[in-house]
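Colleague:
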Ligand SMILES: Nc1ncnc2c1ncn2[C@@H]1O[C@H](COP(=O)(O)OP(=O)(O)OP(=O)(O)O)[C@@H](O)[C@H]1O
Ligand SMILES: Nc1ncnc2c1ncn2[C@@H]1O[C@H](COP(=O)(O)OP(=O)(O)OP(=O)(O)O)[C@@H](O)[C@H]1O
Ligand SMILES: [Mg+2]
Ligand SMILES: [Mg+2]
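Protein chains in written order, with my numbering: chain F, 1 to 278; chain B, 1001 to 1222; chain H, 2001 to 2278; chain A, 3001 to 3368; chain E, 4001 to 4368.
1) Can you name, in chain order, every residue of its own chain whose Cβ lies under 8 Å from the Cβ of residue 4286 of chain E, other than the five neighbours on each side?
2) If contacts are defined as beta-carbon pairs under 8 Å, then residue 3097 of chain A and residue 3118 of chain A qualify, I think. What distance do you get, rounded to the angstrom?
3) Alpha carbon to alpha carbon, how far is residue 82 of chain F from residue 103 of chain F? Give it in angstroms, no decimals.
4) Quick check: residue 1171 of chain B and residue 2074 of chain H, are their CB atoms within less than 7 Å of each other?
5) Rounded to whole angstroms, what's the CA-CA distance from residue 4015 of chain E to residue 2209 of chain H? Just pull it up for me.
6) Below 9 Å on C-beta distance, what does residue 3047 of chain A contact in chain H?
7) Under 7 Å, Cβ to Cβ, is there at least one residue of chain F near residue 1084 of chain B?
8) Report the option in E/4282, E/4312, E/4242 and E/4248 whose CA atom is closest to the CA atom of residue 4261 of chain E.
9) Assign residue 3142 of chain A to buried or exposed, taking buried as 16 or more other Cβ atoms, counted over all protein chains shown, within 10 Å of its Cβ.
10) Flag residue 1151 of chain B as yes if its beta-carbon sits less than 7 Å from any beta-carbon of chain H, otherwise no.
11) If we cut at 7 Å on Cβ distances, does residue 4309 of chain E have a partner in chain A?
12) Whose Cβ in chain H lies nearer than 8 Å to the Cβ of residue 3054 of chain A?
13) When the cut-off is 7 Å and only beta carbons count, does residue 1209 of chain B lie next to chain H?
14) Quick check on residue 2107 of chain H - is its C-beta less than 7 Å from some C-beta in chain B?
15) In chain order, what residues of the same chain have a beta carbon less than 6 Å from the beta carbon of residue 2235 of chain H, not counting five sequence neighbours either side?
16) Can you list, in chain order, the residues of its chain whose CB lies under 6 Å from that of residue 2959 of chain A, leaving out five sequence neighbours each side?
17) Give a yes or no on whether the minimum CB-CB distance between residue 3006 of chain A and chain H is below 7 Å.
18) Compare the beta carbon distance of residue 944 of chain B and residue 1047 of chain B with 7 Å and say whether it is the shorter of the two.
19) Note down, in chain order, each residue of its chain lying with its Cβ closer than 7 Å to the Cβ of residue 4196 of chain E, except the 5 sequence neighbours on either side.
20) Tell me the start and end of each unbroken beta strand (DSSP E) in the region 36-118 of chain F that is at least 3 residues and wholly inside, in chain order.
21) According to DSSP, is residue 1028 of chain B helix, strand or coil?
22) Got a sec? Which residues, its chain only, sit under 8 Å from residue 3147 of chain A by beta carbon, not counting five neighbours each side?
23) Compare the C-alpha of residue 4293 of chain E against each of E/4312, E/4271, E/4189 and E/4299 and name the closest.
24) Report the residue from F/171, F/251 and F/55 whose alpha carbon sits nearest the alpha carbon of residue 199 of chain F.
25) Would you check if the distance between the CB atom of residue 3135 of chain A and the CB atom of residue 2219 of chain H is smaller than 7 Å?
26) What residues in the region 1148-1182 of chain B bring their beta carbon closer than 8 Å to a beta carbon of chain F?
27) Would you report the Cα separation of residue 2214 of chain H and residue 2105 of chain H, rounded to the nearest angstrom?
28) Taking Cβ positions only, does residue 4132 of chain E come closer than 7 Å to chain A?
29) Given a limit of 7 Å on CB to CB distance, which residues of the region 4096-4121 of chain E reach chain B?
30) Can you tell me whether residue 274 of chain F is buried or exposed, with buried defined as 16 or more other CB within 10 angstroms of its CB?
31) Name, in chain order, the residues that DSSP records as bridge partners for residue 211 of chain F.
32) Can you find a heavy atom of ligand 1 that lies under 6 Å from the Cβ of residue 3037 of chain A?
33) Nearest CA to the CA of residue 72 of chain F: which residue from F/88, F/169, F/229 and F/242?
34) Report the start-end ranges of each alpha helix (DSSP H) in the region 4098-4134 of chain E that is 4 residues or longer and not cut off at the edges.
35) Under a Cβ-count criterion, where at least 16 other Cβ atoms within 10 Å of its own Cβ denotes burial, should residue 2003 of chain H be classed as buried or exposed?
36) Roughly how many whole angstroms lie between the Cα atoms of residue 206 of chain F and residue 2087 of chain H?
Take a look at the structure:
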C-alpha cells in the first residue's frame, strides 16, 4: 500500500496533488467526466473538474500541456485523431490499434462496453420515403441537405462517397449533435444529420437512425484517456471499475437524466457511482 | 420560474455558480487593473508626443476590431501559455481594455487645464512628479469613466471565453444552450448584469472618493 | 507560422466558392451587421435626440443603456434562441442590444454638446422646438452621433460571430469551425477577415461622416486643433512643435474611438443639466 | 416701447431674480441694464421675448401683453444678440444672417440678398458671407450676431452683454459701430452689460440693478454720474465719475486762444519765452518746442517734446480737460474735424465752461 | 535684479516673440511689462524661470545666468502667478499654498503652518484653507495664487496678468492688496498686463512692448504718461492720459476751505445761499443740502442730494480733481484717513496745485 501511496503522489505530479478531469462541451462527456471524478475521489485522489472545454483537438492539446490529467474519450474517434490513415472499425481492432497509437506520455485504460457512435439520422417522414439505411441513402443523397459539425465534411465526406456513393446536395454546418442540428432537422432546413447514439433527441423526436452496414463509423467505446504519469494506480483501478459498469443503455439513461430531466451531471454521476459501488 | 428555482435549488449547482462567479470576477477585473497600468504610460505618450496620436489610436482601433474569441485562442499560440490557462483570457481582455483606455487617458490628460500644468511647472515640479501628483489626479473624472466602460464591457466579454471553457458565468450559457435549458442562461445573464452593476457602483464610489474636490465646486455652484 | 496557415487557407480556392465560401460568409456577416446597426440607429438616434433635446431623463436613460452594455451577447442570443426556437431573430436582437448604447450615448452627447449659446440663440430668434431640433441640434450633433454609430459598428462586426454559435453563417463560421479542430489557418483567416471587414466598414462610415457632418463643424474642429497661443505656451519647454504635425493626420482615427470621449463626457457628467427653462 | 409692470421672477429653486420691476423702456433709443453679476439683468431681458416667463406681473411690448403672443412668433419680431454671438457653427455666415427671414417664410434668394445687405450694414466685407463662424475673429462674429438679429428688421433689439467677450480695443470699435447703426435705424434697443463704462457710453437711458433683482436707479447717464440715487449706485459708477461725467458736458462755444506755431522743415526763428507748437504740412500738431529752445536750421520731428492728447472742437469737455492736463505746455491743443490745428485751451478755461454748464441745483431737482 | 541681454526668442514656427530685448529689472520694486496682445510679454516673463528657453542672448537673475541652474530648482526660487491662478483643483487651499515648501523638502507640518501664515498675509480667513479652489470666488482664488507663489519666500515674483480674470471692482482691491504686500515684502516683482491703467497704477517702472517683441519705452509711469516716447506709446497709453497722470502728482500741502456742515438728526437751521454738507456721527460726509433748501425738523438721510467722490488728503491730485468735478456743489469733499470730513477744495484750487507741480520743461529734459 505504501507503493500505491507513492504512486498517487507521483501521479499528482505537476498538478500539485491535483488530478484535473476535463470534458468536451456536450452533456454525455460532462457526465462521464463527473463520474470519473467521483470515482477518483472515492479512491482517495484529489480531483478538480474542468468541464465543457470544447473540441478534441483542444482537449488533447490541454492534456499534452498538462492543463488536464484525464478525459473521457471515444475509441474510434480518438484512434482516428492519432492515426488518420487507420481503417479498422470493429470494437476490438479499434481498441487494440488505439493502444498502440496513443502518443507517449498519454495512455488509455480499459474501454467500456458502453458505446456512443456517430449515427446518421433522418425524420420519420424521410425514413418512410424509403431511407432507412445508409445504403438506401447513398443514391438519394443528391436530394438531401446534410447538417453536422464543422469538421464533419473533412472527416467523412470522402468516406461516405466511397462506401455508399453518397454526395449530399449541400453540407451545412450546424453543431456537434446539439440543439442546432436537431432543430435544423426538425425544421426541415436539413434532411440528414449526424447525431450520437445516446442522444435523447432521437427518441424524443421520433427520428430514425440509419443503419451503417459497411461500418463507416468506427466503434466508439467510452475509454479514459489520461496522462500516463498523472493518476495513481488506485485511481486507474477506479476508472477501470467505471468502464466495467458502463453499458450503452445506462449511458443513454444518464444523458437523458441531464438533458431531459435537467438534473446536474454531478448528481447523476454521484448516483451512478453509488449505485455501482465504485 | 419553477425551473429556475429548481435549478438553483441544487447544492452542486449553487457551488458551481459561485465558482463561476468568482472566476468571472477575476477574469474581468484583473485585466482592468492591468490595462490601467498599461494605458496610463501609453496615454501619456500620446498626450506628450502628439505625432504618436494617429498611430497609437489607429492600433487601438484595429485591436478593438479583432473578435475576442480570436484573441483568446491566439494568445497561447503567441505567448506560449497553456491552452486552457486563464492567463489567455486575462491577457486578451487586458489588450482590449488597454485599447479602450488609451484614448480616454490621453483625452483626460489633454483636458487638464493648461494653466494648472503651467503653474506646476513654474513651481518647480519635475515632469514625472507632476504627472503623478497633479495631472493624473485631475484626470480621474474622465479616466474613471473610461475604467467604468472598460470594466462593464469586460464583464460582458468574459463570457465568450466559455467557447473555450474559460468563460466564468459564460459557461452557464453554453451549458444551458446544449441542454435546451433556459434556466442556467437566465441565471448567468442576470448574474452578469448584477455583477456589472455592483462593480460599477463600487467604481463610482472609488471615483467619488478620489474626486471630492471636483464636487466641492458644485455646492457653491462654481 | 500561423499566418502561413492562414494564407494557405485563404489561397485554397475551395474556401472561396459555394455557400460556405468566403464571399458568402462575408455577405452574411455584412448583412447581420448592417441590419443590426440600422435597427439600433433607428431606435437610438431618435431616442438620443429626444432626451438630448428635452434634457429630461437623459442621464438616467444613458445610464441605463450603459448598464445594458453588461448584457453578455452570447447569453442573450442563446436565451432568445431557446425561447424563439431558432432563426436569425435572436442574433439580430442580440446585436441590436449591443449597438444601442454607443449610438444612444453618442447622439445624446452630441445634442447636449451643442453650445448653449447656439441653442439659446436659436430659441431667441423664434425657432420652434422642432425647428431647433432639425436645423440646429441635429446638424451640430452629427460628429458625435457618427462616432457613436461607428463605434457600434465596430463592436457589432466583432461580435456578430456569435451567429455561428447558433448555427447561422457569417465569418464566425470559420472562426468556430477552425476552433473545433484547432485549424489555426482557418481560425485566423476568420479573425482577420472580421477585422478587415470592421476596418473597411469604418472607413465607409468615415466617408459617410464627411458627407453628413456640416462643413462648418469641420472648420471648427480644425480651428480647435490649431493650438492657440494660450495652449501653446502651456507647453513651452516642448522642443519641436508637435502640435501642427499631430493635427494633420488623425482626422480619420479621431472619430472611431471618439465615442469613448463622447460617452465619457456623459458618464463623467460634468455638464450641469437644468439651466434655463425650455 | 416696452413696459414692465410689477414684474417678478422667482425660479424653481427659490431664487428671486427680478423683484417687482416697474420700468418703461422708451421706443427708438438704447436703454442699458447694468448691475453686478447675478442681479437679474439677463432674466429681465429674457422675459421680454418670453425666453423666461415671469412669475407675476405683466410685460407689454408696444402696448401688447407678450403673453398673448405665440413665443416663436413673438421672438421672430424681436432681435436677440448674446455674448458669444451664438452663431450656428454649421452654417455659413450668410446663412446665419438669413435664418430669421427664412423662418418667417421668405424665399431663399430674398433672404440671402437681405443677409448680404446686412453684412454690409454692419461693416463686414461680402466675401465673409461664405465663411463659417469659426473662421471669423471674435469681433467679426459679434458683428454677424448683430446682423443676424437685425435681419427681419425687428423694431426691438435685445442685446445681452454682446461685446463682453472681445478685447477692449475691438470692443470700443463695436460700440461705436452700434451707435452709428442706431443713428440710422432708430430701433428700440435693450442692452445688458455689467460694465458701467459701456453703459454710460452707449445708453441714452441706464437702468442700474442691484442684487436681488431690484431697480436701483433709472436715469440718463449724465444724471447717473452726477447724482447717483444712493451709495450702491455711487459705488457702482465708481471713482472718476466726476471726470467721466464730463463726457456729457457739451462744450458749447469755446473761445480759443492761439499760440505761435512753426511748420516742420521751417526754421524755428528766435527763441521766445513761450511754448511753440510744431505742425506738419496738413497742420496736424506734431509736438512742442519748449520756451527758450534753440533749434539749428529747420525744425525736425526728432527733437520735439511730445504733445498731449488732442481735443476735437465741439466734442464733450472731458477731452478738452484731458488735452490741457496732458499737454507739456499746459495748453490743450484743439483740432478741427480733419485733425488740423484750431487753437489751444487752458484747464482753467475748461473749468469755466464746466462751471457754466453745471445746473444750479435746487431742492426741486433732487434725485428720485 | 534681472537682466535681459540681447534676448531673442524665435519659436519653431518662425514667430519672433521677443526681439533683441535689453532690459534691467531693478531689485525690490514692481516692474510692469505692458503691451498689446501677442507682443511677447508672457514669453519674456517665462524666459526668466526657463519655462521658455531663449533662442539667443542671456538672462541673469542676481548676476547668475539662468542657464546654469537646474530648471525645477530655479523655479522653486521664483514665485509665479498666472491669470487663472492655476490652483490645483484637487488640493485644499492650504495644501495648494504649501506646495512649494513641500517640494523643497519641508515637513508637512511646517509647510502647512507657513501656508496658514500666508493666507493671513494675503488677507484670507483661516477657515478658507480647508476649502477647495472651486469653492472660492475669483478674487479669493487670485489671492491664494499670490500666497502660493510667496510660500517659499522667493526673492523674485513673476505675475502674468494675475488679475485680468476678475471683475473691475475686485481687481482694484487686489491691486491695492499687492501694493500693500509689496510695501511689506520688497520683492522683485515682474508683472505682466495688457491694461495700461493697471500698469501705471501698480508699476514703479513700466516696460511698454510693441508687436514683434520690441521694447518701445521703459520708464516710470508718470514719465510714460507725460512723455510717451513715440506715437505707438502715446496711442497705447490712450486718451485720458492727462487726467490719469494726475495719479502721480502729489498734493503737497493743500490749504483746505471749510463749508457749513450739519449732522444728521440735527435741525438744519435757517436756509442760506450756500451748500451745506451733511455729516453723520463719525463725521463721514453723507450728502448735501442745496442752497436755500428748507428742512422741516431734523435732517435725515432721505432727502439729501448725493455727494460726489471723496478725496483723501495726502493722496494724488487725481482724486482731488474728481471730487471737485463730481460734487453737486462744485466743492470737492476732502476726508482724513478715517474718512471723516476735513474740508473742501474747488477744481480751481486743484488746478493751481497741478500747475505748481508741473516741471518747467526745458530742452534738457526731453525724451527718456
Ligand atoms: N434657470 C435658473 N434657475 C435658477 N436660478 C437662476 C436661473 N437663471 C438665473 N438664475 C439666478 O437668478 C439670478 C439672476 O440671474 P441673471 O442671469 O438674470 O443675472 P445677470 O444679472 O444676468 O448676471 P450676469 O451679469 O452674471 O449675467 C442669479 O442669482 C442666478 O443665479
Ligand atoms: N509655443 C509657441 N509657439 C509658437 N508661437 C508662440 C508660442 N507661444 C507664443 N507664441 C507667439 O509668440 C508671440 C508672443 O506671445 P506671448 O504669449 O508672449 O504674447 P503676450 O504678449 O503674452 O500676449 P497676450 O497679451 O495675448 O498674453 C505671439 O505671436 C504668439 O502667438
Ligand atoms: Mg447675464
Ligand atoms: Mg500673455
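Quick reminder that beta carbons are idealized off the backbone N, C-alpha and C, glycines included.
Modeller: Reading off the structure:
1) Apart from sequence neighbours up to five positions away, the residues of its chain that approach residue 4286 of chain E with a beta-carbon distance below 8 Å are 4264, 4278, 4279, 4280, 4301, 4304 and 4307, ordered along the chain.
2) Right, the Cβ-Cβ distance comes to about 5 Å (below 8 Å), so this counts as a contact.
3) Computed Cα separation, rounded: 8 Å.
4) Not in contact: residue 1171 of chain B and residue 2074 of chain H (Cβ atoms no closer than 7 Å).
5) As the crow flies, the alpha-carbon of residue 4015 of chain E is around 36 Å from that of residue 2209 of chain H.
6) Chain order gives no chain H residues near residue 3047 of chain A, where near means a beta carbon separation below 9 Å; the closest approach is about 11 Å.
7) Chain F contact via Cβ: present.
8) Comparing Cα positions, the closest option is E/4282.
9) Under this definition residue 3142 of chain A is a buried residue.
10) Interface criterion not met: the Cβ of residue 1151 of chain B is under 7 Å from no Cβ in chain H.
11) The Cβ of residue 4309 of chain E sits closer than 7 Å to at least one Cβ of chain A.
12) For residue 3054 of chain A, none of the residues of chain H pass the 8 Å Cβ criterion, the least Cβ distance being about 12 Å.
13) Interface flag for residue 1209 of chain B against chain H is unset, since no Cβ pair is found closer than 7 Å.
14) Answer no: the Cβ-Cβ gap between residue 2107 of chain H and chain B never drops below 7 Å.
15) Bear in mind that the predicted position of residue 2235 of chain H carries a pLDDT of just 30, short of 50, making it too unreliable to give a figure here.
16) Absent from the model: residue 2959 of chain A. The displayed extent of chain A is 3001 to 3368, so no value can be given.
17) So no, residue 3006 of chain A is outside the interface.
18) Residue 944 of chain B lies beyond the range of chain B shown here (1001 to 1222); nothing can be said about it.
19) Same-chain partners within the cutoff: 4034, 4236, 4237 and 4238.
20) With a minimum length of 3 residues, the continuous beta strand (DSSP E) runs that stay inside the region 36-118 of chain F are 47-50, 70-74 and 106-108.
21) Helix, per DSSP.
22) Here the set comprises 3097, 3115, 3118, 3119, 3121, 3122 and 3124.
23) Taking each of E/4312, E/4271, E/4189 and E/4299 in turn and checking the Cα distance to residue 4293 of chain E, the smallest one comes out for E/4271.
24) Nearest Cα to residue 199 of chain F within the set F/171, F/251 and F/55: F/251.
25) Yes, they are a contact pair.
26) If the cut-off is 8 Å between Cβ atoms, the region 1148-1182 of chain B has 1162, 1163, 1164, 1165, 1171, 1174, 1175, 1177, 1178, 1179, 1180 and 1181 near chain F.
27) Cα to Cα, residue 2214 of chain H sits roughly 20 Å from residue 2105 of chain H.
28) Cβ-Cβ to chain A under 7 Å: no for residue 4132 of chain E.
29) Considering only beta carbons, the part of the region 4096-4121 of chain E lying closer than 7 Å to chain B consists of 4099, 4100 and 4103, in chain order.
30) That one is exposed.
31) For residue 211 of chain F, DSSP records a beta bridge to F/133.
32) Taking non-hydrogen atoms of ligand 1 into account, the C-beta of residue 3037 of chain A is found less than 6 Å away from one of them.
33) Among F/88, F/169, F/229 and F/242, the Cα nearest to that of residue 72 of chain F belongs to F/242.
34) Unbroken alpha helix (DSSP H) stretches of 4 residues or longer found wholly inside the region 4098-4134 of chain E: 4099-4103 and 4108-4121, given in chain order.
35) Exposed: under 16 other Cβ atoms inside 10 Å.
36) One C-alpha to the other measures close to 23 Å.
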